[in-house]
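Worksheet for the structure shown next.
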Amino acid sequence: MNALADPFDHTSVLCANAALRNSWFAVARSDEVTDAPRQVTLLGTIAVLYRSPNGEIVAAPDRCPHRESPLSPGWMSADGCLVCPYHGWEFGDGGRCTRVPSASEGVPPPPRAHLATFAVAERYGLVWLCVGRPSTGIPVVPHEDDPAFRRLNTPVDTWQVSATRMTDNFLDITHFPFVHTGTFGISQDTRVPHVELEPLDDGWFGYRYEVRARNESFANAASGQTTDIVERKMSSGFTLPLAVRSTIEYQTGLQHILLLLSTPIDDVTSYFTFVVWRNDDHSVPAEEILAFDLAIGAEDKRMLQRVPGVLPLDQTTLVSVQADKCNVEWRRRLIEFMA
Ligand code: FES
Ligand code: CO
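In this text, residue positions in the sequence shown follow this note's numbering: the first is -13, and each later residue adds one.
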């Protein structure tokens, strides 16, 4: 594994890695896979997603077994099968070929006409895909099953950034006073407390800290408060390979849990989506709350899209300080994971 490989080859570091190919990544929202097939790309592998007659999502290479037409420009038949746009072969539950229009009555499709499917799952309102053989679980967020919390989903965006740089950014709090001055960052508050790493709950590993956040009017919906500054108790942690969870607790007891998901489309292009769980009273519409987090995400995106290439994954290329301790530990574990 060499992060300094050919800078024009965007498939050599992450895409070729077996451990990443055996991991789950969020590639779409569940509600985006309904009445039409959808193309997604994970680690350089182009896949089609469709919801089959039994209601389950099927994921397969976006290539028809007949003459290799992409299937994603196809459509769903009246009985819920995916129709290839080239010669109309149809695919149903589990990717089974159910119909070859040119065949005589009673002649079944050839056995190799069935789609070779990928592992796919739905959780947290998202579609999770694995293009290898799943060797890890989907990140655990038990707030999903806690009736005190509601879940808010956001769009799946595409960033021209390596997913490794995104995960690194989401674990890092020292960019707040520089990158997030249009939202919650306080430009004077550059010093951060000594970082102590610890296992957090539910398999997450990271650190806890307290931070003051700016709370101008458009932040009020998210914080539930109207003072200029709010105190937040926070934690940031990761589960391998690339998932980050950030928790915020305000003095009012309001909790705001963020699952920040970076999915490698290729080495240097990624999907980004995040999921929020809150123990609020549902009085503020989801869009108002998410507007603030989306604005924060746009600040990270603007910054990160300036930084080319995959994050150097060896331990010596980058210079780190105490405040980067969690990032260094995540990268150390990621190297082991990918080895
Ligand atoms: Fe799909 Fe022929 S290429 S039916
Ligand atoms: Co940020």
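Built from N, CA and C at the ideal position, the CB exists for glycine as well. As the structure is a prediction and not an experimental result, all values here were calculated from the model.
Secondary structure note for Val230: its beta strand (DSSP E) is the uninterrupted segment Ala229 to Tyr236. In the three-state reduction of the DSSP assignment, Gln25 falls in the strand class, which pools E and B. Burial is judged here by how many other beta carbons sit within 10 angstroms of a residue's own beta carbon; Thr176 has fewer than 16 and is exposed.
Using a 10 angstroms sphere on the CB of Val19, the tally of other CB atoms reaches 16 or more, which defines it as buried. Between Phe260 and Leu246, the beta carbon gap of about 5 Å places them in contact (Cβ cut-off 8 Å). Residue burial annotation: Thr169 is buried, with at least 16 other C-beta atoms found within 10 angstroms of its C-beta. A contact is defined here as three or more CB-CB pairs under 8 Å, and the region 288 to 302 fails this definition with respect to the region 208 to 226. Bridge partners of Ser256 according to DSSP: Trp145 and Pro250. Proximity to Val254 across Ala281, Asp266, Ser222 and Val293 peaks at Val293, based on C-alpha coordinates. The residue from Arg49, Ala309 and Ser256 with its alpha-carbon nearest to that of Thr103 is Arg49. Annotated three-state conformation of Arg319 is helix, per DSSP.
Here the alpha carbons of Trp10 and Gly81 stand approximately 20 Å from one another. Remark: C-beta atoms of Ala14 and Leu138 do not approach each other more closely than 7 Å. In this structure, Val230 lies near Leu157, with their beta-carbon atoms less than 7 Å apart.
In this structure, the CA atom of Asn206 is about 28 Å from the CA atom of Tyr257. Beta-carbon to beta-carbon, Leu68 and Tyr110 are separated by about 25 Å, too far to satisfy the 8 Å threshold.
DSSP places Ile32 in the strand class (E or B) of the three-state scheme.
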